[in-house]
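Working notes for the structure below.
Residue numbers (the working numbering): 297 to 553.
Next up, the structure:
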């Protein structure tokens, strides 16, 4: 028997590299959130579909199409818990947008070569029962014609497999022109069914493609909320850990008005 000390696993919050905001920062952060929401209601005719599927707690991954930088306050519109967005790392260096993203505790990531720190940030937030939002296309897609130009990246799938976190689908329908209608549709939350071989990149990319097709289908058919069977892990196959996670995650009609 050796007297070597067993290494302790880092505390959940130690996975998150960025400095936690002070009370003053949180005050301005929340002020920014509600100020943006007020502006949205002035500029657009807002409609929300699926309040009963709105998460009231985490953990979970909101997966959404990306139309505009205004997607962020739109997602905040009805989601009660604070949402941590995964953003392109260079956005945090922009003169105006950068400080805003930092106040909002965005998670910077290089989508082509994700660093260890970014991965730990995402894992840390999920392990702390937070909600993380990811735009799989990685850039703004403003028209149907552009959808094929920006195929969904599969990063969120790997995190969902590893962390047993549910996917919370969301679709944003609108062109963000002043005075126009802006609709947000919540899909049915679910656990991803991992492929037989989690190292099969082709199968995983196909799942990412199916996931984005489902999200865009919510725009065309907001009543068709059930995701494709190929993506969903049936409840009968949930692990004990997944059942425990789903007990934590609550859904209901709360949030902004």
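Glycine residues also receive a C-beta, built at the ideal position from the N, C-alpha and C atoms.
Since we're looking at a predicted model, the values are computed, not measured.
Between the Cα of residue i and the Cα atoms of the options, which residue gives the shortest distance?
i, options, result
"residue 447", "477, 418, 433, 532", "433"
"residue 413", "382, 435, 442", "382"
"residue 363", "546, 466, 536, 547", "466"
"residue 339", "476, 503, 409, 515", "476"
"residue 546", "482, 346, 350", "350"
"residue 330", "366, 343, 353", "366"
"residue 472", "325, 327, 337, 324", "337"
Span of the alpha helix (DSSP H) holding residue i?
i, result
"residue 544", "536-544"
"residue 424", "No alpha helix (DSSP H) holds residue 424; DSSP gives it neither H nor E."
"residue 394", "393-399"
For the putative contact between residue i and residue j, defined by C-beta atoms under 8 Å, what is the C-beta separation to the nearest angstrom?
i, j, result
"residue 528", "residue 501", "18 Å between Cβ atoms; not a contact."
"residue 464", "residue 359", "7 Å"
"residue 370", "residue 474", "At roughly 15 Å, the Cβ-Cβ gap does not stay under 8 Å, so residue 370 and residue 474 are not in contact."
"residue 355", "residue 541", "6 Å"
Under three-state DSSP, which class holds residue i?
i, result
"residue 372", "helix"
"residue 350", "coil"
"residue 383", "strand"
"residue 521", "coil"
"residue 366", "coil"
"residue 452", "helix"
"residue 331", "helix"
"residue 323", "helix"
Looking at the secondary structure, which residues open and close the beta strand (DSSP E) in which residue i lies?
i, result
"residue 466", "463-469"
"residue 548", "Where residue 548 is concerned, there is no enclosing beta strand (DSSP E), given that its DSSP letter is neither H nor E."
"residue 405", "403-405"
"residue 345", "341-345"
"residue 479", "477-482"
"residue 357", "356-360"
Excluding the five sequence neighbours on either side, which residues of its own chain have a C-beta within less than 8 Å of the C-beta of residue i, listed in chain order?
i, result
"residue 357", "422, 427, 428, 429, 430, 452, 455, 456, 461, 462, 463, 464"
"residue 491", "499, 500, 503"
Spatial neighbours of residue i within its chain, please: CB distance less than 7 Å, with the 5 preceding and 5 following residues excluded, ordered by chain position.
i, result
"residue 524", "506, 510"
"residue 404", "383, 385, 388, 414"
Checking contacts by CB at 7 Å: is residue i closer than that to chain D?
i, result
"residue 490", "This model lacks chain D altogether; it includes just one protein chain."
If you drop the 5 nearest sequence neighbours on each side, which residues of the same chain put their C-beta closer than 6 Å to that of residue i?
i, result
"residue 401", "380"
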